[in-house]
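Take the sequence shown: its position 33, counting from 1, is numbered 354 in the numbering used here, and each next residue is one higher. Quick reminder that beta carbons are idealized off the backbone N, C-alpha and C, glycines included. Just so we're clear, the structure is a prediction, and the values are computed from it rather than from any experiment. Structure first, then comments.
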Amino acid sequence: MDISRTGGLTMRTPKAWGQPCPHPDCAYAQMINRGNIRATSTYLTQSGKRRIFQCTKCGTPFSETRDTVFFDLKTPEEKVMMALKMLLVKVDLAGISFVLGVTEDTVLAWLQRAAHKAAEINAHLLRDLPVTQVQLDEMWNFIARKHACETDTAGESLPDSEDGRQGVWISFAPEFRLMIAAVVGPRTLDTAKEVVAATKARVAGIPAFFSDGFTCSLAALIAAFHVVTTVARTGKRGRPRKPLCEPHPDLVYGQLVKQKKQGKLLTLSTRVVLGAERLTQLGFTISTALVERVNLTLRQALAPLARKTSSFCKDRERLRQRVVFFQAFYNVARPHMSWRLSLPDQDQHILGLIQPKWLPRTPAMAAGLTDHVWTFRELLTAKFEPIHNQSSSG
Ligand SMILES: [Zn+2]
């Protein structure tokens with residue numbers, strides 16, 4: 322007799338479904354693999370069979386697509402995934418809309434969901450990273466602004482119009498080829514601070530920082546990594562002097578200074594801005610080569626963004642969504658050539674003609690954050706327990 326079959330669902334031992342109870346008031350809300358979730362039934366959709374789960378603590382039933390990109394969508398999953406993949410290989414919105422027969426707004430709504438999920442993945446995986454070096458870089462001209470100085474109704478300059486160009490700022494861990502943080506913003510100290518703060522929140526300790534000659538970086542680094550020393554009172558009358566904010570003694574910052582004339586690189590020199598002694602001890606070379614390679618990858622991935630009809634702010638938010646989505650894809654789902662492992666020659670008679678030569682690996686695998694190359698579907702459906710001690714929403 323087939324015991325498992327006759328036993329049916331009631332015989333099933335509590336299984337680790339990897340599904341959290343979605344009810345906000347449940348004692349097991351958002352917790353994963355606590356034995357409170359059972360599969361009760363399946364239903365058929367255009368995308369195949371889907372499971373219905375139920376929380377045994379509060380009784381809430383929910384679909385497996387709850388809190389995923391696919392939740393409540395009528396469109397088949399394959400189509401949604403195709404649109405999102407195309408966004409990562411430089412197909413523009415009009416092109417995706419034409420190929421799949423959906424509106425551009427529909428594609429953008431899917432992108433918004435994917436970016437939300439990607440931000441969750443980034444926040445969950447990118448914590449206490451054992452990173453010793455960080456390369457910082459910015460890339461420009463992603464949103465072409467036709468009107469350099471837009472004004473609001475009162476005629477005041479908008480905060481964003483100071484410099485119409487918005488850049489993508491990236492902090493990158495060269496030892497793992499991992500994108501630590503990505504921020505969209507103008508070339509200002511505030512944006513530099515945002516990138517450094519997001520990086521600081523995700524790494525353990527104080528890594529050495531390298532960037533090009535952008536002067537804002539030093540102030541941004543000191544804002545994140547500093548010690549405050551109070552000045553001893555002189556004994557004289559009057560207000561005590563303000564405490565001094567000094568760079569953290571462990572902070573290392575090196576710049577790669579490029580001199581260009583009419584776009585041509587004239588000279589390339591390095592400059593240790595902070596922590597020369599420690600830099601020598603660590604034996605690192607000042608370089609931004611790898612983060613610049615990532616910038617190129619990003620340029621090859623994302624089509625120009627500006628839509629004729631949309632506002633500047635919307636374009637910037639969409640650029641942010643695409644960059645966050647690309648970041649998660651790049652870290653966990655896109656095998657990196659540098660990390661693939663060579664497989665030993667195997668017996669051709671056993672494996673047949675097609676013989677894998679390489680074991681694909683991702684930056685997240687190299688950094689020990691995950692043990693496999695994520696599928697594209699995983700990128701859109703992964704569920705996590707909330708991080709209670711998360712210091713930054715990044
Ligand atoms: Zn529950």
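With a cutoff of 6 Å, T381 counts as near ligand 1, since its C-beta is closer than that to a heavy atom of the ligand.
If one requires a minimum length of 4 residues, the alpha helix (DSSP H) runs lying completely within the segment 395 to 445 are 398 to 408, 414 to 421, in chain order. Look at K378: its beta carbon is less than 6 Å from one of the heavy atoms in ligand 1.
Sorting S608, M460, Q351 by C-alpha distance to the C-alpha of F531 places S608 at the top.
At the C-beta level, Q576 and R592 come within 7 Å of one another. DSSP, reduced to helix, strand and coil, places V505 within a strand of the structure shown. Around the CB of G506, 16 or more other CB atoms lie within 10 Å, so the residue is classed as buried. Residue range 633 to 649 is occupied by the alpha helix (DSSP H) that includes E638. Counting only the Cα atoms, V615 lies some 12 Å from V644. Looking at A444, L450, M403, the one whose alpha-carbon comes closest to that of W431 is M403.
Ranking K378, R661, F646 by CA distance to the CA of R434 puts F646 first. Three or more beta-carbon pairs separated by less than 8 Å are not found between the segment 546 to 563 and the segment 583 to 590, which leaves the two stretches without contact. Excluding sequence positions up to five before and after T424, its CB lies within less than 8 Å of the CB of S418, all in the same chain and listed in chain order.
Judged by beta-carbon spacing, F605 lies beyond the 7 Å limit of Q456, meaning their Cβ atoms are not closer than that value. Per the C-alpha coordinates, the member of R698, D393, K579, T618 positioned closest to A654 is R698. Rounded to whole angstroms, the gap between the alpha carbons of L623 and R562 is 51 Å.
Sixteen is the threshold: since fewer than 16 other Cβ atoms of the shown chains lie within 10 Å of the Cβ of V410, the residue is exposed. Excluding five sequence positions before and after N443, the CB atoms of its chain that fall closer than 8 Å to its own CB belong to V645, Q648, A649, N652, G715, given in chain order. Boundaries of the alpha helix (DSSP H) harbouring D511: 510 to 523, taken from the DSSP string. Between the alpha carbons of A518 and A597 lies a distance of about 23 Å.
With a threshold of 6 Å, the Cβ atom of Y574 does not count as near ligand 1, since no heavy atom of the ligand is closer than that. With a cut-off of 6 Å, the C-beta of Y364 is classified as distant from ligand 1, since no heavy atom of the ligand falls inside that distance. R599 and I527 have their C-alpha atoms roughly 12 Å apart. If the five residues before and after A687 are omitted, its C-beta is found closer than 6 Å to the C-beta atoms of F497, W660, all from its own chain and listed in chain order. Around the C-beta of A436, 16 or more other C-beta atoms lie within 10 Å, and the residue is accordingly described as buried. The continuous stretches of beta strand (DSSP E) do not include L617, which lies in the alpha helix (DSSP H) extending over residues 610 to 622. When beta bridges are read from the DSSP output, Y574 appears opposite F530, L595. If you check the CB distance, P707 and Q487 do not come in under 7 Å. The alpha-carbon of E398 is positioned some 33 Å away from that of A494. Less than 7 Å divides the Cβ of Y574 from the Cβ of L595.
A distance below 7 Å between beta-carbons, with the five flanking residues on each side excluded, links R641 to the following residues of its chain, in chain order: V505.
Relative to ligand 1, even the nearest heavy atom lies 6 Å or more away from the CB of H445. Annotation for C347 indicates a beta carbon within 6 Å of some heavy atom of ligand 1. The alpha-carbon separation between C566 and H547 amounts to approximately 6 Å.
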